[in-house]
Structure formats: C-alpha cells, structure tokens
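First up is the structure itself, then whatever we jot down about it.
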C-alpha cells in the first residue's frame, strides 16, 4: 500500500507524492511517485511526463506522513 508524503525542501514549494514504504533513518534517497504540489497542480520545473523523482535526503528538511483513506480514526463515543 502506498503512503502519501509531503516533502519540504528549503526554498521550494512542498511536494506531495506516494512512497511504497516510509524511509528509514539510514536511507540517503527518497523515491517519490506521482510528484505534485500540495494543491494537486503540476510542479513547474518537472517535465509533464515525469512520474517518479529521486530526492537526496540531505536536501529534505521535513517529511509529513498523511493519514491513508483506509485508516479508521475512532474518537470518543457517547451512548
């Protein structure tokens, strides 16, 4: 199952995309599929045909892990 991430790179717009598995602490590269801006628009410096990008982890300042649609969040229930 793919996990959606939002990747923050200094001096750039955040990039959203999917990964097969969340990167571990010892990884040096991040393979991001279906790269796009947070609002779903294309990234202006990528060619339209690009489906996967490889980002060096040293360039990343923050990675946000988005909840999947399959996760069920159970809150407080009153009866």
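Numbering (my numbering), first residue to last: 1200 to 1278. Virtual Cβ for every residue (Gly too), placed ideally from N, Cα, C.
Going straight from the alpha carbon of residue 1248 to that of residue 1229, what length do you get?
Roughly 19 angstroms between the two C-alpha positions.
In the DSSP assignment, find the unbroken beta strand (DSSP E) run with residue 1216 in it and report its ends.
That run of the beta strand (DSSP E) goes 1214-1218.
Please report how far the alpha carbon of residue 1243 lies from the alpha carbon of residue 1210, in whole angstroms.
When rounded, the distance between both Cα atoms is 14 angstroms.
Measure from the alpha carbon of residue 1224 to the alpha carbon of each residue in 1246, 1267, 1256, 1263, then state which is nearest.
Closest option to residue 1224, Cα to Cα, is 1256.
Unbroken beta strand (DSSP E) runs of length 3 or more, entirely within the stretch 1223-1262: which are they?
Fully enclosed beta strand (DSSP E) runs of 3 or longer: 1228-1236, 1251-1255.
Please look up how many angstroms separate the CB atoms of residue 1213 and residue 1235, rounded, as I've assumed it's under 8 angstroms.
Contact doesn't hold; Cβ gap of about 10 angstroms is too wide.
With C-beta atoms as the reference, is residue 1227 less than 7 angstroms away from residue 1217?
Against a cut-off of 7 angstroms, the Cβ pair of residue 1217 and residue 1227 comes out as no contact.
Assuming residue 1206 and residue 1254 are in contact, meaning their beta carbons sit under 8 angstroms apart, how far apart are those beta carbons, in whole angstroms?
Right, their Cβ atoms sit about 6 angstroms apart.
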